[in-house]
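Step one of this worksheet: look at the structure below.
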Amino acid sequence: MPCYPDFDHVGEEIRPAGAPPVTPNPAGSTFSMTSEAEHLLRLRKWLREELAGHGVSKQEQPNLLLAVGELCANSIQHAYEGKGGQPIKVSVRSSDDSLVIEVEDFGKPFNSEGYEAPNLEAMPESGYGIFLVKTIADSLSFDVARERGTRWTMVKYRPGRGPAAAPGPAGKS
Amino acid sequence: MHMDIDVTQSSGVAVVAPRGDLDMATVPDVRRALTGLLDRGQSRLLIDLDGVSYIDSSGMGALIAAMKQARAAGGDVRLCALQEDVRAIFEMTRVIQAMSIHPTRQEALASWR
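Residue numbers (the working numbering), protein chains in the order written: chain X, 1 to 173; chain H, 1001 to 1113.
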């Protein structure tokens, strides 16, 4: 799977030793929209219900809504360059350990070589999208080895279940 | 998709209060409102975000752009009444360190006096 070197974790292959495996429930749900920004509100409504159904707490939901919104906005703006009517799919599946959210478009593939993380000191007016997704997700990978487009996969471990969770009976609060 | 935006004047400060989700769909309305005020020479703007429960990076970008334009004109764009979920994006991007952000409209207005 192609990766951008600045991404902390890319896919399951480089999951830190001892981290719980991602074993998503194959029976996930999918939301389909076209590439108009007007659909983002509907996406968030769907995702809010979906996340609740997967046992994601209300406190954790806003950041995930933001991350998925940013990936879809990225597809609208960059993959489809603002052209409407193009398909975007969002899917959610989960296991006891993690939540896996995929965002897929069929436009211009993500160009990792052209990507620059925002210089936060300079406070740019744009370019925060992928940075925010990386900040929110525990793992972010993308697949451009397809006929068209990009499939983003973000993993969010359940509280206390990720690689950072301390092993042993005491655990971490 | 359109966003309701209230604009009122208070002691030389234009108080801009959008209502709803501030995302890629509604950001053109906010950008237009802010640019309109700045272009008319109103360089002190207070954005009251009490009615905004979601903001994405495009929405935040519009506020940053307005702030830069206002500061270049000797004024400022300040924010108040951020809901907790809205505040998170300003923290993650460290924009919170550079913008003047206040708990309430009254406190924000007082910061100009």
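The C-beta atom is built at its ideal place from N, Cα and C for all residues, glycine as well.
Hey, does residue i have any beta-carbon neighbour from chain X nearer than 8 Å?
{"i": "Ser-1057(H)", "result": "yes"}
{"i": "Arg-1032(H)", "result": "no"}
{"i": "Thr-1093(H)", "result": "yes"}
{"i": "Val-1007(H)", "result": "no"}
{"i": "Ala-1065(H)", "result": "yes"}
{"i": "Ile-1089(H)", "result": "yes"}
{"i": "Gly-1051(H)", "result": "no"}
{"i": "Met-1003(H)", "result": "no"}
{"i": "Gly-1061(H)", "result": "yes"}
{"i": "Ser-1081(H)", "result": "First, the residue type needs correcting, since residue 1081(H) is Ala and not Ser in the sequence shown. It does not: the Cβ of Ala-1081(H) has no partner Cβ on chain X nearer than 8 Å."}
{"i": "Ala-1025(H)", "result": "yes"}
{"i": "Met-1070(H)", "result": "Correcting the residue type first, residue 1070(H) is Ala in the shown sequence and not Met. Cβ-Cβ to chain X under 8 Å: no for Ala-1070(H)."}
{"i": "Ala-1017(H)", "result": "no"}
{"i": "Ala-1098(H)", "result": "yes"}
{"i": "Asp-1085(H)", "result": "yes"}
{"i": "Ala-1048(H)", "result": "As written in the sequence, residue 1048(H) is Asp, which differs from the Ala given in the question. For Asp-1048(H), the answer is no, since every Cβ of chain X falls outside 8 Å of its Cβ."}
{"i": "Asp-1039(H)", "result": "no"}
{"i": "Asp-1021(H)", "result": "yes"}
Could you check whether the Cβ of residue i sits closer than 7 Å to any heavy atom belonging to the ligand NAP?
{"i": "Ser-1011(H)", "result": "As for the ligand NAP, it is missing from this structure, which has no ligand bound."}
Can you tell me the Cα-Cα spacing of residue i and residue j, whole angstroms?
{"i": "Gly-149(X)", "j": "Arg-1094(H)", "result": "31 Å"}
{"i": "Pro-24(X)", "j": "Glu-81(X)", "result": "Residue placement at Pro-24(X) cannot be trusted, given a pLDDT of 44 that sits under 50; the coordinates are not used to answer."}
{"i": "Pro-163(X)", "j": "Val-1030(H)", "result": "41 Å"}
{"i": "Gln-1042(H)", "j": "Gln-1069(H)", "result": "11 Å"}
{"i": "Gln-86(X)", "j": "Pro-109(X)", "result": "14 Å"}
{"i": "Ser-1111(H)", "j": "Asp-1048(H)", "result": "14 Å"}
{"i": "Ala-1025(H)", "j": "Arg-1044(H)", "result": "26 Å"}
{"i": "Asn-74(X)", "j": "Val-1015(H)", "result": "31 Å"}
{"i": "Gln-1009(H)", "j": "Ile-1101(H)", "result": "19 Å"}
{"i": "Asp-1037(H)", "j": "Met-123(X)", "result": "Correcting the residue type first, residue 1037(H) is Leu in the shown sequence and not Asp. Rounded to the nearest angstrom, the two C-alpha atoms are 22 Å apart."}
{"i": "Ser-57(X)", "j": "Leu-43(X)", "result": "18 Å"}
{"i": "Pro-159(X)", "j": "Glu-60(X)", "result": "10 Å"}
{"i": "Ala-137(X)", "j": "Met-154(X)", "result": "6 Å"}
{"i": "Lys-45(X)", "j": "Asp-1076(H)", "result": "34 Å"}
{"i": "Arg-93(X)", "j": "Thr-135(X)", "result": "20 Å"}
{"i": "Phe-1090(H)", "j": "Ile-1096(H)", "result": "5 Å"}
{"i": "Asp-96(X)", "j": "Ile-130(X)", "result": "26 Å"}
{"i": "Tyr-157(X)", "j": "Leu-1046(H)", "result": "38 Å"}
{"i": "Ala-1072(H)", "j": "Ser-139(X)", "result": "39 Å"}
{"i": "Thr-1104(H)", "j": "Glu-113(X)", "result": "43 Å"}
{"i": "Met-1060(H)", "j": "Ile-76(X)", "result": "18 Å"}
{"i": "Ser-1058(H)", "j": "Arg-1113(H)", "result": "31 Å"}
{"i": "Phe-142(X)", "j": "Arg-151(X)", "result": "5 Å"}
{"i": "Gly-1012(H)", "j": "Gln-1083(H)", "result": "25 Å"}
For residue i and chain C, any beta-carbon pair shorter than 8 Å?
{"i": "Leu-99(X)", "result": "Annotation note: the requested chain C is absent from the structure, which comprises protein chains X and H."}
Does any residue of chain H have a CB that is nearer than 8 Å to the CB of residue i?
{"i": "Ile-76(X)", "result": "yes"}
{"i": "Leu-120(X)", "result": "yes"}
{"i": "Ala-79(X)", "result": "no"}
{"i": "Leu-40(X)", "result": "yes"}
{"i": "Glu-116(X)", "result": "no"}
{"i": "Ala-145(X)", "result": "no"}
{"i": "Gly-69(X)", "result": "yes"}
{"i": "Leu-66(X)", "result": "yes"}
{"i": "Arg-93(X)", "result": "no"}
{"i": "Arg-44(X)", "result": "yes"}
{"i": "Met-154(X)", "result": "no"}
Please look up how many angstroms separate the CB atoms of residue i and residue j, rounded, as I've assumed it's under 8 Å.
{"i": "Leu-132(X)", "j": "Glu-70(X)", "result": "5 Å"}
{"i": "Glu-50(X)", "j": "Ser-29(X)", "result": "6 Å"}
{"i": "Asp-1050(H)", "j": "Ala-1088(H)", "result": "Their Cβ separation, rounded to whole angstroms, is 16 Å, which puts Asp-1050(H) and Ala-1088(H) out of contact at 8 Å."}
{"i": "Ala-37(X)", "j": "Asp-1023(H)", "result": "7 Å"}
{"i": "Asp-1006(H)", "j": "Gly-1020(H)", "result": "Their Cβ separation, rounded to whole angstroms, is 12 Å, which puts Asp-1006(H) and Gly-1020(H) out of contact at 8 Å."}
{"i": "Leu-1034(H)", "j": "Ala-1062(H)", "result": "7 Å"}
{"i": "Gly-107(X)", "j": "Ala-145(X)", "result": "About 15 Å separates the two Cβ atoms, so there is no contact after all."}
{"i": "Met-1099(H)", "j": "Leu-1079(H)", "result": "6 Å"}
Open item on the list: Under 7 Å, CB to CB, which of the residues in the segment 48–63 of chain X have a partner in chain H?
Closed with: Pro-62, Asn-63
Open item on the list: For the segment 124–136 of chain X, list every residue whose C-beta sits within 7 Å of some C-beta in chain H, in sequence order.
Closed with: Glu-125, Ser-126, Tyr-128, Gly-129, Leu-132, Thr-135
Task: Touch test, the segment 1044–1058 of chain H against the segment 61–79 of chain X, Cβ-Cβ under 8 Å, three pairs minimum - done: yes
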